[in-house]
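Residue numbers (full-length UniProt numbering): 1 to 871.
Shown next as structure tokens:
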């Protein structure tokens, strides 16, 4: 691969072992900045202009290399949460995609076939609201933003598998979202009911309970949420609560997110039972779903308690009074009352009242003079068995719990274990820009799913959007009025669209087969790639999105669509990048930095200013344009800063004056100087001769060898286990220091130096690919064929791994050698443990005994400990 240059004289250099033909340097003017890959001339310093030219040269080459990937290697699926196409990348995007890109390159170098896809979470309110404000079609707005953000991602040198790209607002994607909804509908897990729901008066749509904060405000608009009675679509996620909770135990630690998921689901010790409602002895056709914390005692119910906010007491329901009757499944015509109550901690709209299990339930039943059946018998051994419970009589409570809930599931009247606080997922949204729910409403047949062959149900083109009142789709009369697929009579399409969380609940599956026109994905492809090996995203999605995505994968497993129940193996949550903010203490008004007088008065014109660090935002005047930052510092510098400034799960306080940014700039220059040092020490006519090295120099080469192997071991662990990229970079900086202090003769004659430098450049490559590529090209001595990102990740030398499990520790007392003690290697650097072991050894008992120890000094470099004791 000779550089494309004007004719030059080439020679074979024995130093380079015939690996590359090196051009004789051309004469250039002293002021001209050059790039070795272009000219064959090596710049001695890594200055800003050289950095710019390095990145411009290597950017298209690295992107092209990424597209070439063997298919016969072990898979590795690294996935970063796909963005909403706002049109503008922010630093949070840069952070998450830098992490996924680094892991992708690293796993490629380890020999894996890597999938690192990208797509767009393209439906939702922001695009619709932006379109309303500008008088645009939300589709046009969204596509324009996608194109803009794709270019920005490309300019950052991020290597994604763009051939797998998905866009949730395109019919070839949401056709299969609709397909999965129909599968849920056919399984009885998607249902429609009248309910008192959360209404956002600003965004004019319903919100799920999860989208309302602890202050009763909308998660997106911040508006105070109102309560409305509406007929809505729900997904029965509560049926999967127990499997979702239990499956967490089989996953590795998720940086606290597993605990968040478990807390969200809650302890699954009860279940719902479905009751048919009867008024004055006549069935109303309505079903009342009530939660029981003791399902095994269901035959002892005295009443069902409902809250005043229950749908039965609102709207068109025939039940308005505080006391009515219900029919209980499995109990013939024996009925229980429906009672209007408001328990202090009543989390459900409807609960079973069982006097045998609760003093509170007993008090209510007694006060209302209700009848009930005793169903529990206490035994001498403090256990309880069931009585008066049909075929379940005689079972222990534990046995009855399993049997009764199983029978309820078989009869499809509930019985799925869930917690007392979990709710089904409300997915209806009264807006235009979302996936249409593929259902038609027929006066004769009721809700009917659109046949699969008629999918997708595409959004109609609307002349204008207002965002006011009913769903905008109501205005599309030709679209709304249709024919029932079942009876062929007149029908109306569902005009609610799906919450965007439905789109993102399965996108990781579509990436495995993104262009399939016949199925959402082929099972063998999904089974090959799943589970996602590392999933990267913000902690703000650690509850809702992850819960919905896990639920849908569990459902797909039960439908035979995939083999894996859990979609994600390791989860890596990253913190925010925060900017410094200035705001008036009295009004809360955010100020621009230039409005602050840092020399004296806090604000021109007066006023007390609060200085804090907050999530970057244009409205807070603390944001950064990633492209401007890259233009100033370079892609690799920004990548290294993001990885080095803090562990991924912690927030980064962006401040260019901190040690992190100057530190990574200095480190890049030092790496460049190492290659410059090697090139200068080994002239073309020189041949390294390790036999010329003296004992002191040989000891130096051993130290280099040890540090190299230690670095490989540590960095590999950080990039595979704990993802502490900052610690990995620190370890590489340590190896850089070791190599920088090497003497000229060691650089000239030791194989250890060149091997350590090669390993250093290779381990730098996933994090700073442009710089590492140029370093590799500029020092042919390091090369083993191909560019640096095409190399195999370095391995620890076997001899380094064969370190003995025990070491001989020299013991000194008051600076005088007194003998040695054999100690375990793993505690040889632990001063307190070492003191204890030596004092308990025969040598310690003999020479130290009860004498007072002033101080014990454990050497950090050699196996030696010195006790300073009273004479």
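C-beta: ideal position from N, C-alpha, C; glycine also. All of these numbers come straight from a predicted model, not from anything done at the bench.
### Message
Does residue 242 pass the burial test, meaning 16 or more other C-beta atoms within 10 Å, or should it be called exposed?
### Response
As a first step, residue 242 is located in the chain shown; it is residue number 242 there, counting from the start. Buried is the call here.
### Beta-carbon contacts of residue 702 that lie in its chain and below 8 Å, excluding the five residues immediately before and after
Counted from its first residue, the chain shown places residue 702 at position 702. Cβ contact annotation for residue 702 (same chain, cutoff 8 Å, sequence separation greater than five): 752, in chain order.
### Task
Would you kindly report the start and end of the unbroken beta strand (DSSP E) that includes residue 613?
For the purposes of this step, residue 613 is identified with residue 613 of the chain shown, where counting begins at 1. Looking at the DSSP string, the run of the beta strand (DSSP E) that includes residue 613 is 609 to 615.
### Message
Can you check which of these residues, 290, 807, 266 and 47, is closest to residue 862 by C-alpha distance?
### Response
Within the chain shown, the letter at position 862 stands for residue 862. Of 290, 807, 266 and 47, the residue nearest in Cα terms is 807.
### Task
Starting from residue 263, follow the beta strand (DSSP E) in both directions and report where the run begins and ends.
On the chain shown, position 263 is the one that residue 263 refers to. Residue 263 -> not in any beta strand (DSSP E); alpha helix (DSSP H) instead, spanning 257 to 265.
### Query
Along the chain, which unbroken stretches of the beta strand (DSSP E) at least 3 residues long are found entirely within the UniProt domain "Aminoacyl-tRNA synthetase class Ia" (421 to 578)?
You should have 439 to 442, 446 to 449, 481 to 483, 490 to 493, 532 to 538 and 568 to 574.
### Query
Between the C-alpha atoms of residue 253 and residue 722, what's the straight-line distance to the nearest angstrom?
On the chain shown, position 253 is the one that residue 253 refers to. On the chain shown, position 722 is the one that residue 722 refers to. Roughly 10 Å separates the two Cα atoms.
### Task
Could you tell me whether the stretch 817 to 829 touches the stretch 840 to 860, using the rule of 3 or more Cβ pairs below 8 Å?
Between the stretch 817 to 829 and the stretch 840 to 860, the count of Cβ pairs shorter than 8 Å is three or higher; the stretches touch.
### Message
Assuming residue 364 is part of the alpha helix (DSSP H), what are its boundary residues?
### Response
Mapped onto the chain shown, residue 364 falls at position 364. Boundaries of the alpha helix (DSSP H) around residue 364: 359 to 367.
### Query
In this structure, does DSSP put residue 3 in helix, strand or coil?
Numbered from 1 along the chain shown, position 3 holds the residue referred to as residue 3. Low confidence applies here, because residue 3 scores a pLDDT of 39, under 50, leaving its location unreliable; read the following figure in that light. Correct three-state label for residue 3: coil.
### Query
Assuming residue 452 and residue 179 make a contact with CB atoms under 8 Å, what is their CB distance in whole Å?
Your numbering for residue 452 matches position 452 in the chain shown. Your numbering for residue 179 matches position 179 in the chain shown. Between residue 179 and residue 452 the Cβ distance is about 6 Å, and since that is below 8 Å, they are a contact.
### Task
Starting from residue 816, follow the beta strand (DSSP E) in both directions and report where the run begins and ends.
For the purposes of this step, residue 816 is taken as residue 816 along the chain shown, with counting starting at 1. Following the DSSP letters along the chain, one finds residue 816 inside the beta strand (DSSP E) bounded by residues 816 to 824.
### Task
Pick helix, strand or coil for residue 329, following the three-state DSSP scheme.
Your numbering for residue 329 matches position 329 in the chain shown. Reliability of the predicted coordinates at residue 329 is poor, the pLDDT of 41 falling under 50, and no value is obtained from them.
### Task
Ignore the nearest five residues each way along the sequence and tell me which others in residue 397's own chain have a CB closer than 6 Å to its CB.
The residue you call residue 397 lines up with position 397 of the chain shown. Here residue 397 has 296 and 384 as same chain residues with Cβ atoms under 6 Å from its own Cβ, once five neighbours each way along the sequence are excluded.
### Task
Return the first residue and the last residue of the alpha helix (DSSP H) that residue 731 is part of.
Here residue 731 refers to the residue found at position 731 of the chain shown. 725 to 740 is the span of the alpha helix (DSSP H), which, as asked, contains residue 731.
### Helix, strand or coil at residue 862 [DSSP, three-state]
Residue mapping note: residue 862 aligns to position 862 of the chain shown, counting from 1. It is coil, neither helix nor strand.
### Query
Any chance the stretch 285 to 292 sits against the stretch 364 to 378, with 3 or more Cβ pairs inside 8 Å?
Verdict: no, contact absent.
### When 531, 736, 152 and 118 are compared against residue 664, the one with the closest alpha-carbon
Here residue 664 corresponds to residue number 664 of the chain shown, with the count starting at 1. The shortest C-alpha separation from residue 664 is found at 736.
### Query
For residue 151, which of helix, strand or coil comes out of DSSP?
In the chain shown, residue 151 corresponds to position 151, counting from 1. Helix at residue 151.
### Task
Would you list the residues sitting across from residue 223 in a DSSP beta bridge?
Residue 223 sits at position 223 when you count from the first residue of the chain shown. DSSP, once it has assigned bridges, lists no residue as partnering residue 223.
### Query
Who are the Cβ neighbours of residue 221 in its own chain at under 6 Å, not counting the five residues just before and after it?
Taking the chain shown and counting its residues from 1, one reaches residue 221 at position 221. If we look at residue 221 and ignore the five residues flanking it on each side, its Cβ neighbours are 200, 202 and 203.
### Query
For residue 621, which residues from the same chain have a beta carbon less than 6 Å from its beta carbon, with the 5 sequence-adjacent residues on both sides left out?
Here the question's residue 621 lines up with position 621 in the chain shown. Contacts found: 590 and 592.
### Task
To the nearest angstrom, report how far apart residue 87 and residue 224 are at their CA atoms.
Translated into the one-based positions of the chain shown, residue 87 becomes position 87. Translated into the one-based positions of the chain shown, residue 224 becomes position 224. Straight through space, the alpha carbons of residue 224 and residue 87 are spaced by roughly 28 Å.
### Message
According to DSSP, simplified to helix, strand and coil, what is residue 185?
### Response
Looking up residue 185 in the chain shown gives position 185. In the three-state scheme derived from DSSP, where H, G and I count as helix and E and B as strand, residue 185 is classed as helix.
### Any non-hydrogen atom of the ligand FAD within 7 Å of residue 756 CB
Absence of the ligand FAD from the depicted structure is noted, as is the absence of any ligand whatsoever, leaving it without description.
### Task
Label residue 430 either buried or exposed according to how many other C-beta atoms from any shown protein chain fall within 10 Å of its C-beta, with 16 as the threshold for buried.
Reading the chain shown from its first residue, position 430 is the one you call residue 430. Result: buried.
### Query
Out of 787, 472 and 865, which has the shortest C-alpha to C-alpha gap to residue 432?
For the purposes of this step, residue 432 is taken as the residue at position 432 of the chain shown. Ranking 787, 472 and 865 by Cα distance to residue 432 puts 472 first.
### Task
Under 8 Å by Cβ, that's how I've got residue 53 and residue 35 pegged, so tell me the actual separation to the nearest angstrom.
On the chain shown, residue 53 is found 53 positions in, with the first residue counted as 1. On the chain shown, residue 35 is found 35 positions in, with the first residue counted as 1. With 8 Å as the limit, residue 53 and residue 35 qualify as a contact, their Cβ atoms being about 5 Å apart.
### Task
Could you say if the stretch 667 to 676 and the stretch 699 to 716 meet the contact criterion of at least three C-beta pairs nearer than 8 Å?
Counting Cβ pairs under 8 Å, fewer than three are found: no touch.
### Query
Quick one: what's residue 414 bridged to in DSSP?
Sequence index remark: in the chain shown, residue 414 carries index 414 (1-based). As computed with DSSP, residue 414 is found in a beta bridge with 273.
### Task
Report buried or exposed for residue 871, applying the criterion of at least 16 other Cβ atoms within 10 angstroms of its Cβ.
To locate residue 871, count along the chain shown from 1; it is residue 871. Under this definition residue 871 is an exposed residue.
### Query
residue 437: buried (16+ other C-beta within 10 angstroms of its C-beta) or exposed?
Residue mapping note: residue 437 aligns to position 437 of the chain shown, counting from 1. Under this definition residue 437 is a buried residue.
### Query
So, are the CB atoms of residue 299 and residue 388 less than 8 Å apart?
Counted from its first residue, the chain shown places residue 299 at position 299. Counted from its first residue, the chain shown places residue 388 at position 388. In this structure, residue 299 lies near residue 388, with their beta-carbon atoms less than 8 Å apart.
### Message
According to DSSP, residue 353 sits in a beta bridge with which residue or residues?
### Response
Working through the chain shown from its first residue, we reach residue 353 at position 353. Note: residue 353 sits in a beta bridge opposite 303.
### Query
So does the stretch 637 to 647 actually touch the stretch 724 to 742, counting three or more Cβ pairs closer than 8 Å?
Taking 8 Å as the limit for Cβ pairs, the verdict is that the stretch 724 to 742 does touch the stretch 637 to 647.
### Contacting residues, own chain, Cβ-Cβ under 8 Å from residue 668 (five flanking each side not counted)
The residue labelled residue 668 in the question sits at position 668 within the chain shown. Closer than 8 Å at the Cβ level, and outside the excluded window around residue 668, lie 46, 51, 636, 637, 640, 768 and 771.
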